[in-house]
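Note that our numbering has the sequence shown beginning at 1057, numbered continuously upward. We treat Cβ as the ideally placed atom computed from N, Cα and C, and that holds for glycine.
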Amino acid sequence: MIEPSPAAPSSPPAAPDVRAKPPLRVIVSLDVEEEGLFSGHYAATNCGVRNVALLPLLAPISDELGFPLTLFCAHTVFADAGCRRVLEIMRDRHGAEIAAHLHHWSTPPLDDAPAADGPPPRTDTLPQDLLRRRLRTLLDEGARFNGAPLTSFRMGRWDLKKSVRPLLAEAGIRLDSSVCPLRSFAGGADHFLAPADPYWVEGHGDTRLLEAPITQIPLVRAMPRLWHALSPQRRRDSFHFWGALSANPFWHGPRVMRWAVRLHQARGGRVLSLFWHSSEMLPGGSPHMPDEQAARAFRERMFAFFRWLRDSFTVQGCTAAGLRAEADSLSFPSRPDGPGDW
């Protein structure tokens, strides 16, 4: 008589595998711009753009780690021959997308330009035709450099209200990244209740515009609606400093950045969008970057973060234009209901 084989010991349940989920698409963007904004100085002319020469130092993020950059460039950058040479290197050697970043105060026509001291007027208070002409100047200069139209856009100072958005679609923009959730600016746009993942908004004619917000999420999921309802407008933006998480390196440290990624994916986030300003990388160019030692340390922190991201998740690095090319097949929702300018 053959004895039955002993049953194999049961295996413990497997731990959840984040790699089993669909890839998390990652957009790494920079606002490529003139210096001085962190001092509150919004010059219309004679703007310094030395910081742009530092962009090739970020090449390992794309070449070695697989995250191509989206460079939202201001008119002051396109107008400078040295900057254009740097942008060519980033585009042709390192796969960067060249996109548009409107600093309306330094973009011609400048007949009604604001004074250099103090913040410029909000975009929705400008004559619409003047704003349209400045946008056209930026996009024409960008297309002349790029050899093709620019289709991705970010407004300076997150200053995009719904009334301005139709101008973008009319001008050929297909993806906007001017919305920053959990922010509400005095006299400006209220993006507080915007989703962290992309959504469709009304475009121009039969076209749709994809809104791809910067990823900023609440520590407690239910808190934003309560805070928005109960806090006075002048205090609403303080939430950004105590109740929000992001992977934006000048807003949060590495530990919070990693926490934000984990929590965003756990809540069903499909796109991680993070950014910083090119001018923030210049030693002495911002309060965060006092010297060259700090600049080197920043780059090393970013390389370490992207290595962690690549090793910890199934990720797909993409540019803003790359996300827009896929968007029709990704079933992003239309704009959810909710108050605000998003």
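- Secondary-structure assignment with DSSP links residue 1086 through a beta bridge to 1127 and 1332.
- Annotation: the region 1260–1293 contains the following complete segments of the beta strand (DSSP E) (minimum length 3 residues), in chain order: 1264–1267 and 1272–1274.
- Here DSSP, grouped into helix, strand and coil, assigns residue 1108 to helix.
- If you draw a straight line from the Cα of residue 1278 to the Cα of residue 1284, it comes to about 11 Å.
- A Cβ-Cβ separation of about 6 Å places residue 1214 in contact with residue 1234 under the 8 Å criterion.
- DSSP places residue 1358 within a helical segment (H, G or I) once states are collapsed to three.
- Assignment of residue 1345 by DSSP, reduced to helix, strand and coil, places it in the coil class.
- One thing to note: residue 1313 has its Cβ within 8 Å of the Cβ of residue 1361.
- Rounded to the nearest whole angstrom, the C-alpha separation of residue 1128 and residue 1292 is 28 Å.
- The continuous beta strand (DSSP E) containing residue 1256 extends over residues 1255–1258.
- Between the C-alpha atoms of residue 1120 and residue 1377 there is a straight-line separation of about 21 Å.
- In this structure, DSSP gives residue 1319 a helical state, which the three-state scheme calls helix.
- Only buried fits residue 1107, as 16 or more other CB atoms lie within 10 angstroms of its CB.
- Per DSSP, residue 1371 lies in no alpha helix (DSSP H) segment; the continuous beta strand (DSSP E) that holds it begins and ends at 1371–1373.
- As the crow flies, the alpha-carbon of residue 1251 is around 31 Å from that of residue 1345.
- With distances taken between CA atoms, residue 1383 lies nearest to 1266 out of 1304, 1236 and 1266.
- By the neighbour-count definition (other C-beta atoms within 10 Å, threshold 16), residue 1297 is an exposed residue.
- Boundaries of the alpha helix (DSSP H) harbouring residue 1146: 1137–1150, taken from the DSSP string.
- Taking the C-beta atoms as reference points, residue 1212 is found no nearer than 8 Å to residue 1156.
- Counting the other CB atoms within 10 Å of its CB gives residue 1145 a total below 16, which places it among the exposed residues.
- Looking at the DSSP output, residue 1312 shares a beta bridge with no other residue.
- Residue 1088 sits away from residue 1115, with the two beta carbons spaced by 8 Å or more.
- In chain order, 1248, 1272, 1274, 1280, 1295, 1296 and 1300 place their CB closer than 7 Å to the CB of residue 1238, counting only its own chain and leaving out the 5 sequence neighbours on each side.
- Listed in chain order, the non-local C-beta contacts of residue 1140 below 6 Å within the same chain comprise 1201, local neighbours out to five positions each way being set aside.
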